[in-house]
Amino acid sequence: MGIDLTGLRALNFANRVYGFDFRNTVTLGRHEIHFWKQEFRAAQRNSTLAYDQSIAVGLYCEPLLRKLGAENIVSIDASAFEGASLIHDFNLPIPSDMHEKFDTFLDFGSIEHIFDVAQVVDNIVNLVRPGGHVLIATNANGFPAHGLYQYSPEFFYSLFSKRNGFEDTAVFLIKPSRPKRWHLIKPPVALNRRNQIPFEEQTVLVVFSRKVRSVSDLTVQQSDYDATWTSFATGSWAAWDRRNIPRWKSMLHEVMSPFVFRILSYHVKSSQVRRKYRADHIVIDPDSVDPSDFARMIADAASPKPPSRSELNQTEGATQLH
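For the sequence shown, UniProt numbering assigns the number 1 to the initial residue and increments by one for each residue that follows.
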């Protein structure tokens, strides 16, 4: 658990673009500083933060958070090993007297290590008061031996949604090899399909969101299943799916070995994923993007797009099968 260069940029972005209020901040784990002095300076293009030895690499993050305006900082961990201020297993519900006590929730690499995902997200939502913000940095791809899980953009868009009391949610994918190119992933519900993401190297996921109201129970469903369940009559999906198998696919199965077919399909699919990904994301520079421009970006990204021809055919097929 620690704040590296990406985490530092995320904090600057939260402060400059989202307007986080850090006065009452809760962190999942007590985070160490993992960025170097030179990296700190490289990330301060539109920031007024000053470097000093209180935020040197290897120290804990409280002095950095105070530079951002934090007055009350609570760190939660299952172990006293790193000196967290509250020892509590996040697999269990947080005490009720901590509900909605914080302006900001921060996590830089803890949630992927905690087994009970449903309880983790319930705790996060309960800790933040309406008007407060959430910032989470975790693994998305290429870390199969790091933690228990790797998370997807869909997970956070479905969790931090309007029906769960959240707005202005933005999910970024970032390659550590290109740390200033943040890929803003468009919500799949707005695309009318699943995201197509071709990353083949280690990728970090960073999510920002704002809580606007409290809800009694969280509702999380993958968006394309939600849409499919309302489009098709019970039992009709399989018939539609069989009817719409591409003719070329059936013909190739007749003349190719399964091995050759799978290799060919993989290359075709990879090409399609890369093509679709161009419409699935917006690249920004987190150090320089204008807050007003970014607000327009996330509003546009969340706006439903006209369905494609295949999606129109799917809807037509569903209607005929009802």
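Don't be surprised by glycine CBs; every beta carbon is placed ideally from N, CA and C.
Note that the structure is predicted; figures quoted are calculated from it, not measured.
- Secondary structure at Ala-14: helix, using DSSP grouped into helix, strand and coil.
- The Cβ atoms of Leu-135 and Phe-208 sit closer than 7 Å to each other.
- Relative to the Cα of Arg-178, the nearest Cα in the group Gly-2, Arg-9, Met-1, Arg-194 belongs to Arg-9.
- With fewer than 16 other CB atoms across the displayed protein chains lying within 10 angstroms of its CB, Asn-72 is exposed.
- With respect to the C-alpha of Pro-286, the residue from Asp-224, Val-204, Arg-296, Arg-181 having the closest C-alpha is Arg-181.
- If you ignore the 5 residues before and after Ala-299, its C-beta comes within less than 8 Å of no other C-beta in its own chain.
- Residue pairing of Ile-111 in beta bridges, as defined by DSSP: absent, with no partner found.
- With three or more CB-CB distances shorter than 8 Å, the segment 104 to 123 counts as touching the segment 16 to 35.
- Secondary structure in the segment 180 to 210: the beta strand (DSSP E) runs of 3 residues or longer, each lying completely within the stretch, are 182 to 185 in chain order.
- Here Asp-77 carries a strand assignment [DSSP, helix/strand/coil].
- The alpha-carbon of Lys-276 is positioned some 16 Å away from that of Leu-173.
- Taking one beta carbon from each stretch, the segment 128 to 146 and the segment 191 to 205 have 3 or more pairs nearer than 8 Å; the two touch.
- Cβ neighbours of Ser-75 within its own chain (closer than 6 Å, five residues either side excluded): Thr-27, Arg-30, Ala-84, Ser-85.
- Here His-253 is exposed: its Cβ has fewer than 16 other Cβ atoms, across all protein chains shown, within 10 Å.
- In this structure, the alpha-carbon of Lys-162 lies about 20 Å from that of Val-17.
- For Arg-296, the enclosing alpha helix (DSSP H) starts and ends at 291 to 302.
- Here the C-alpha atom of Pro-176 lies approximately 43 Å from the C-alpha atom of Val-255.
- The alpha-carbon separation between Tyr-266 and Glu-200 amounts to approximately 14 Å.
- Within the segment 56 to 106, the runs of alpha helix (DSSP H) at least 4 residues long that lie entirely inside it are, in chain order, 62 to 67.
- Taken atom to atom, the span from the alpha-carbon of Arg-194 to that of Tyr-60 is near 39 Å.
- Contiguous alpha helix (DSSP H) elements confined to the segment 28 to 54 occur at 37 to 42, taking only those with 4 or more residues.
- For His-281, DSSP records a beta bridge to Ile-185.
- A straight line joining the alpha-carbon of Ser-270 with that of Asp-280 spans about 15 Å.
- Contact between the segment 146 to 159 and the segment 219 to 226 is present: three or more C-beta pairs spanning the two stretches fall below 8 Å.
- Excluding residues up to 5 positions away in sequence, Glu-100, Gly-165, Lys-211, Val-212, Arg-213, Ser-214 lie with their Cβ nearer than 8 Å to the Cβ of Pro-130 in the same chain.
- The DSSP-derived three-state label of Leu-173 is strand.
- In this structure, His-88 is the residue among Gly-69, His-88, Ala-70 with its C-alpha nearest to the C-alpha of Ala-78.
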